[in-house]
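A short worksheet on the structure shown next.
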Amino acid sequence: MLANQHNPQHPTADITFSGLGRWQSLLLSLVAGALLPLSLAPLNLWPLAIISPALLAVISRGRNTLHHCYSFGLGLFGVGASWVYVSIHNFGYASVPLAACLTLLFVAGLALVFALPFYPLRYLKHATNGNFLTAFGALWVLGEWLRSWLLTGFPWLYVGYSQLTTPLSGFAPIGGVFAVSLATLATALALVFIWRGKRRQRLGAVAAVFILWLAGALLQDQNWTAPVGPDQRITLVQPNIPQDKKWRPEYRLPTLELLRHMSQELEGVDWIVWPEAAVPMLYHRASPFLAEMEALLAQHNTALLTGIIYDNPETGHLHNSAVALGQGSGLYHKSRLVPFGEYVPLEDWLRGVIAFFDLPMSAIKSGGEQQPPILMGQVKTGMAICYEIVYPDLVAARATDTHFITTLSNDAWFGHSWGPLQHLQMAQMRALETQRDVIRGTNNGISAIITADGSIALQSRQFEREVVTGKATPRAGSTPFMRWGSLPWVLLCGLLLGLAFLPERKVKSFEPLV
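Take the position in the sequence shown, starting the count at 1, then add 7; the result is the number in our numbering.
Given below as structure tokens:
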């Protein structure tokens, strides 16, 4: 039960569970962390995204917060990101024990990155509950922002993604997923007051949650962008090439023939999309095949966007790229690369140690951050290849002065895990943040057309060879998030953190709960 007696030695009274031993509380933190991924795709049990942080705040109050947050992080990433095992074992050819060990190290490292931002809470042991909870929420969101860039970033499993179908999603065009996360954390911490506060505090917390959710609902009806021009009829080709066959020389010609065959129905199609690295040849070696496709596209006045590995003749570097053909034009090089998948950190030491460090495309060079959009007929699209779609500020910048966002991916690396479904959910949030339709072409699913409100208008079946065609609406205009990015919300969290550390006599509204 919660402590409910005022201790004269601690004028701020705990909101934590009493009677729990150290290992019991750490285990409960681990379970709370394991609950959070269940609020995300594919289960989408969104109330758990409110309950889980509230539990961590209550458990860690008055205890070693860093240890409990680390235990929470182990549960969070152990359940939500352990799909990396599939890549390491199935496609990196590591043995089961070695793959399990590497996955455990990956999860342990991410848990540490999650926990470290909460370190300042150790200085609020005797602060009011209001100060502690304010700092807790601000540090959580600052931690999510930190994970978007530290060591190239792993912006996965943000609590805000759980609210795609709730009124809190209305904050996405205002401040991106970080604003939605902050609103979710505010709700979670208000739940603590509702649970354990005095009558006046409970009523205040209920009123705050009502106002917050009402504001989100009203913002859902706000249009920051508007349709321009006619809808585009778009065909998504999903070839479903097995990852272990994709780069074998004997499958090269059959793959090209399959792509050609699946792209024959071009009548009335404005543009056609092939997935990431769809053409299993270097760009200049594939010139004859690309010329054939150019001729076919010209007959139907259609544009084609395909992923391909571009061999730069000037530098000799390889790029994970997208190129537009036919009525399209432009070349884009991926700028945010996946560690170990596209480049090897500490390459001189690690390359050759195990097959995982020698994956086929692990020698890719990044393109520049500032690249022009791709032109598809009369409309422009911002590009994000695979992993890039999970970076909120990057995609918001790419959406500027474009009509669409297009993302090409190959999620075959993650098999039948939750990874591809989480990836799709993050693409939905990018649509909401920018109020742009997102076109998602993948090798093995889920290929989709996502509308500007984050809903899925058209999708393919996963692990099926399939061609799907639908309409997407070009839009113009900028959301506040596109103009300002995450910085205002990072500063707001910094301000809240500063207020939480003010002497208690200067913050009269933050009273003890008991």
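Quick reminder that beta carbons are idealized off the backbone N, C-alpha and C, glycines included.
Per DSSP, L50 lies in no beta strand (DSSP E) and is assigned neither H nor E. Straight-line measurement puts the Cα of N97 at about 18 angstroms from the Cα of G452. Under the criterion of beta carbons closer than 8 angstroms, L175 and A197 do not qualify as touching, at roughly 13 angstroms. A contact is defined here as three or more CB-CB pairs under 8 angstroms, and the region 221-229 meets this definition with respect to the region 167-186. Assignment of A455 by DSSP, reduced to helix, strand and coil, places it in the strand class.
Counting every other CB atom within 10 Å of its CB across the protein chains shown gives A193 a total of 16 or more, marking it as buried.
Annotation: C76 to A507 spans about 19 angstroms, alpha carbon to alpha carbon. About 4 angstroms separates the CB atoms of Y92 and T110; that is less than 8 angstroms, so the two are in contact. Counting along the chain, N327 sits inside the beta strand (DSSP E) bounded by residues L325 to G333. The region 466-473 and the region 229-245 touch, with no fewer than 3 CB-CB distances between them shorter than 8 angstroms.
Ranked by how close their Cα comes to the Cα of G80, the residues S328, F113, I95 and R70 have F113 in first place. Ranked by Cα distance from P346, the options L157, H291, V330 and L273 are led by L157.
In the structure shown, W425 falls within a coil segment according to DSSP collapsed to helix, strand and coil. D277 is classed as buried because its beta carbon has at least 16 other beta carbons within 10 Å across all chains shown. About 14 angstroms separates the beta carbons of A122 and G85, which is beyond the 8 angstroms limit, so they are not a contact pair. At least 8 angstroms separates the beta-carbon of I463 from that of F411.
If you check the CB distance, A48 and L428 come in under 8 angstroms.
Secondary structure of F98 (DSSP, three-state): helix. Judged by DSSP secondary structure, P481 falls outside any beta strand (DSSP E); it is assigned neither H nor E. Per the coordinates, the alpha-carbon of G99 lies some 47 angstroms from the alpha-carbon of N138.
When DSSP reads this structure, A391 sits in a beta bridge with T414. Boundaries of the beta strand (DSSP E) harbouring H340: L338 to H340, taken from the DSSP string. Here Y168 has L47, V184, Q432, M433 and M436 as same chain residues with Cβ atoms under 7 angstroms from its own Cβ, once five neighbours each way along the sequence are excluded.
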